[in-house]
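Peer 1: I'd like to ask you about the structure that follows.
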Amino acid sequence: MAETTSIVLALPKGRILGELRPLLDQAGIRPEAAFDDPDSRQLRFRTDDPHLHLIRVRSFDVATFIAFGAADLGVVGSDVLMEFDYPEVYAPVDLNLGRCRMAVAEPAELVAEDDPESWSHVRVATKYPRVTTRHFAERGVQAECIRLSGAIELAPAMGLCQRLVDLVSSGATLKANGLTEVETIAHISARLAVNRTAWKTRPAPVSRWVERFREVTGAAEA
Numbered sequence: 012m013a014e015t016t017s018i019v020l021a022l023p024k025g026r027i028l029g030e031l032r033p034l035l036d037q038a039g040i041r042p043e044a045a046f047d048d049p050d051s052r053q054l055r056f057r058t059d060d061p062h063l064h065l066i067r068v069r070s071f072d073v074a075t076f077i078a079f080g081a082a083d084l085g086v087v088g089s090d091v092l093m094e095f096d097y098p099e100v101y102a103p104v105d106l107n108l109g110r111c112r113m114a115v116a117e118p119a120e121l122v123a124e125d126d127p128e129s130w131s132h133v134r135v136a137t138k139y140p141r142v143t144t145r146h147f148a149e150r151g152v153q154a155e156c157i158r159l160s161g162a163i164e165l166a167p168a169m170g171l172c173q174r175l176v177d178l179v180s181s182g183a184t185l186k187a188n189g190l191t192e193v194e195t196i197a198h199i200s201a202r203l204a205v206n207r208t209a210w211k212t213r214p215a216p217v218s219r220w221v222e223r224f225r226e227v228t229g230a231a232e233a
């Protein structure tokens, strides 16, 4: 588990961290200067609270750090929680950040003559193979997933497959690559997630931060 004398909060690198930064301020979390230095290679940071440390990791890794006790709390996209489905990770607060949707898309020229209800087998490019497989299995469709970690919109044009599952916000990237959204799998947002064991063994400090985030987001209790 994380150090017994401190709470470790895992934060995702990338665009969502920019959205999250004002929320950290509202929650009274003031990291050391290196946290806001774009040239810093540092990954662990002190705060003005000696009992709170921050770590900054890839967005897909935050849930793993929490699940295995390397972090007590963290900010995780609900897409990541759906994909990994760690029983040790509980997400009590919707932070109302990073809102988008997980969707199925295909080349625009297929849409007019294609009927998703008629699919029995699909080959899909995605970085969410578990979610994708479950989604289609619930409809009796067999999904053959090609796992990619980036440039997923290129897959149909390069002949890997005709369909993909990815996160969609404005839809501009799909449009720019000649793709059209045909199904929505889930609506996605960033959540505050907690290691269940940490919350059980150190309820006071963990609960304090859960309540702090709940207050600044105005989130109802899950």
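Residues in the sequence shown are numbered from 12 upward in steps of one, following our numbering. Glycine included, each C-beta is placed from N, C-alpha and C at the ideal position.
(1) With respect to the beta strand (DSSP E) encompassing Gly88, which residues constitute its N-terminal and C-terminal limits?
(2) Name the one or two DSSP bridge partners that Asp177 has.
(3) CA-CA distance, Val19 and Tyr97?
(4) Run through DSSP, which three-state label would Glu99 get?
(5) Could you check whether the Cβ of Leu34 sits closer than 7 Å to any heavy atom belonging to the ligand ZN?
(6) What residues match up with Asp50 in a beta bridge as DSSP calls it?
(7) In the DSSP assignment, find the alpha helix (DSSP H) that holds Arg223 and state where it starts and stops.
(8) Cβ atoms of Ala136 and Glu192: under 8 Å apart, would you say?
(9) Kindly identify the DSSP beta-bridge partner or partners of Cys156.
(10) Is it true that the CB of Val205 sits closer than 8 Å to the CB of Val217?
(11) Pull up the distance between the alpha-carbon of Ile27 and that of Leu34, whole angstroms please.
(12) Report the CB separation of Leu106 from Ala201 in whole angstroms; it is logged as a contact under 8 Å.
(13) Which term fits Arg150, buried or exposed, when burial requires 16 or more other beta carbons within 10 angstroms of its beta carbon?
(14) If we ignore side chains and look at the alpha-carbon of each, how far apart do Asp50 and Pro140 end up?
(15) Is it the case that the region 165 to 185 contacts the region 50 to 60, given that we only count it when at least three CB pairs across the two stretches are under 8 Å?
(16) Measuring alpha carbon to alpha carbon, tell me which of Pro23, Ala78, Ile40 ends up nearest Arg223.
Peer 2: Well, looking at it:
(1) In the sequence shown, counting from the first residue as 1, residue 88 sits at position 77. Note, Gly88: beta strand (DSSP E), 84 to 88.
(2) Position 166 of the sequence shown, counting from 1, holds the residue named residue 177. Residue pairing for Asp177: DSSP places it in a beta bridge opposite Ala114.
(3) As a working mapping, residue 19 is identified with position 8 in the sequence shown. As a working mapping, residue 97 is identified with position 86 in the sequence shown. Cα to Cα, the separation comes out at about 18 Å.
(4) Within the sequence shown, the letter at position 88 stands for residue 99. Glu99 carries a coil assignment under DSSP once its states are collapsed to helix, strand and coil.
(5) Of ligands this structure carries none, so the ligand ZN is not represented either.
(6) Taking the sequence shown and counting its residues from 1, one reaches residue 50 at position 39. In DSSP, Asp50 forms no bridge with anything.
(7) Start at 1 with the first residue of the sequence shown, and residue 223 comes out as number 212. Note, Arg223: alpha helix (DSSP H), 214 to 228.
(8) Counting from 1 along the sequence shown, the entry for residue 192 is found at position 181. Counting from 1 along the sequence shown, the entry for residue 136 is found at position 125. Not a contact, by the Cβ cut-off of 8 Å.
(9) If you number the sequence shown from 1, residue 156 lands on position 145. Val135, per the DSSP bridge assignment.
(10) In the sequence shown, residue 217 corresponds to position 206, counting from 1. In the sequence shown, residue 205 corresponds to position 194, counting from 1. Result yes, Cβ atoms of Val217 and Val205 sit closer than 8 Å.
(11) Stepping through the sequence shown from its first residue, residue 27 is reached at position 16. Stepping through the sequence shown from its first residue, residue 34 is reached at position 23. Distance between the alpha carbons of Ile27 and Leu34: 11 Å.
(12) Stepping through the sequence shown from its first residue, residue 106 is reached at position 95. Stepping through the sequence shown from its first residue, residue 201 is reached at position 190. Distance from Leu106 to Ala201 at the Cβ level is roughly 5 Å; contact confirmed, criterion being Cβ atoms closer than 8 Å.
(13) Your numbering for residue 150 matches position 139 in the sequence shown. By the 10 Å Cβ count, Arg150 comes out exposed.
(14) Numbered from its first residue, the sequence shown carries residue 50 at position 39. Numbered from its first residue, the sequence shown carries residue 140 at position 129. Taking the straight line from one Cα to the other gives about 34 Å.
(15) Counting Cβ pairs under 8 Å, fewer than three are found: no touch.
(16) Position 212 of the sequence shown, counted from the start, is the residue given in the question as residue 223. Check the Cα spacing between Arg223 and each of Pro23, Ala78, Ile40: the tightest is with Ile40.
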